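Below you'll find the structure, written out as structure tokens, and then a few comments.
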Amino acid sequence: MALRATLAMVLALAAAAPALADGDLPGKLSADDKQRLESFDSVRGEAIGAARESKDKAAVATLDQILSGKPQAIRGATDLAGNWRCRVAKLGGSETLPLVIYDWFRCRITDDAAGLRLDKVSGSQRTAGTFYDDANPDRLTYVGTSYYGYEGKPKPYGKDAERDQVAYLVRVGPDRLRLEFPSPRFESQFDIMELERSR
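Encoded structure:
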């Protein structure tokens, strides 16, 4: 009986703790994805510079709003789970169209035994993956895959290099996050997914 009570207490404490995955992240990543993360800062700077050259001034103003806010401590956060609305800004990659900002879609963050996960659950282009602790306490590392809505579910990371994604998640407000993807495979030089808490 005492053993059963102790086990129940351990399980309850585990459920209350943040369920961030804590494996050996570098060992899970392909060499190409490690390089993408290593070049994050330089690629981000180049892409933002290119995007701000866009002739679409309204889009540039929206990009400035997306980029606003300083990263806050996020490691160990226990309040990220829930429903979010999300939109993607695609930066760089084309001189004629250096900035494209899509409309809002629905995303969901879950926190359970599988870890802290993100799923974009509406729109034709989707992503699904897991967050990992990063050496920088102001961000989490995202490892996921892209897929199309009609496919039903994504392939696991590592099964198709063309679909694999890596990104950094930063918190820029109580109800605002940014997920930033360096050197995506298609269409752009840098992608930013802005997430706002759904009311």
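Residue numbers for the sequence shown follow our numbering, beginning at 131 and rising by one.
Using N, Cα and C, we set each Cβ at its ideal position, and we do this for glycine too.
What you are looking at is a predicted structure, and each value in this text was computed from that prediction instead of being measured.
Roughly how many angstroms lie between the CA atoms of residue 314 and residue 329, to the nearest whole one? C-alpha separation (whole angstroms): 30 angstroms.
How many whole angstroms separate the CB atoms of residue 298 and residue 272, which I take to be in contact at a CB cut-off of 8 angstroms? With 8 angstroms as the limit, residue 298 and residue 272 qualify as a contact, their Cβ atoms being about 7 angstroms apart.
Pairing CB atoms from the region 183 to 198 with CB atoms from the region 221 to 241, are three or more of them under 8 angstroms? The region 183 to 198 is in contact with the region 221 to 241.
Unbroken beta strand (DSSP E) run spanning residue 324, endpoints: Looking at the DSSP string, the run of the beta strand (DSSP E) that includes residue 324 is 320 to 327.
Closest Cα partner of residue 249 within the set 288, 302, 212, 266: With distances taken between Cα atoms, residue 249 lies closest to 212.
Within the chosen definition, does the region 199 to 210 reach the region 291 to 311 through at least 3 CB pairs nearer than 8 angstroms? Segments in contact, yes.
Reference residue 324, options 236, 179, 159, closest by Cα: Minimum Cα-Cα distance from residue 324 among the listed residues 236, 179, 159 corresponds to 236.
Let's see if you can read the secondary structure: which residues bound the beta strand (DSSP E) around residue 256? For residue 256, the enclosing beta strand (DSSP E) has its first and last residue at 255 to 263.
Grab the span of the alpha helix (DSSP H) containing residue 193 for me, first residue to last. Run containing residue 193: 187 to 197, per the alpha helix (DSSP H) assignment.
Given this structure, state the Cα-to-Cα distance separating residue 142 from residue 243, to the nearest angstrom. Its pLDDT being 39, under 50, residue 142 is placed unreliably by the model, and the measurement read from it follows with that caveat. Their backbone Cα atoms lie some 12 angstroms apart in a straight line.
Classify residue 280 as buried or exposed, calling it buried when 16 or more other Cβ atoms lie within 10 Å of its own Cβ. Residue 280 should be labelled exposed.
Beta carbon of residue 267 nearer than 7 angstroms to that of residue 174: Judged by beta-carbon spacing, residue 174 lies beyond the 7 angstroms limit of residue 267, meaning their Cβ atoms are not closer than that value.
Alpha-carbon to alpha-carbon, residue 171 and residue 256: The alpha-carbon atoms of residue 256 and residue 171 are separated by roughly 24 angstroms.
8 angstroms contact criterion, which residue 193 and residue 181 should meet: CB distance rounded: Going by Cβ atoms, the distance from residue 193 to residue 181 rounds to 6 angstroms, so yes, they are a contact pair.
What are the complete beta strand (DSSP E) segments, minimum 3 residues, inside the region 265 to 321? Note on the region 265 to 321: whole beta strand (DSSP E) runs with a minimum of 3 residues are 270 to 278, 294 to 303, 306 to 312, in chain order.
Pick helix, strand or coil for residue 179, following the three-state DSSP scheme. Here DSSP, grouped into helix, strand and coil, assigns residue 179 to helix.
Cα separation between residue 163 and residue 322? Approximately 17 angstroms, taken between the alpha carbons.
Smallest Cα separation from residue 319: which of 218, 224, 245, 241? Residue 224 is the option with its Cα nearest to residue 319.
Which residue or residues does DSSP assign as beta-bridge partners of residue 202? Per DSSP, 301.
Considering residue 221, what are the terminal residues of the alpha helix (DSSP H) in which it resides? For residue 221, no alpha helix (DSSP H) segment is defined; the enclosing uninterrupted segment is the beta strand (DSSP E) at 212 to 221.
Close beta carbons around residue 210, own chain, < 6 angstroms, minus the five adjacent residues each side: Sequence-distant Cβ neighbours of residue 210 in its own chain, meaning closer than 6 angstroms and more than five residues away, are 239.
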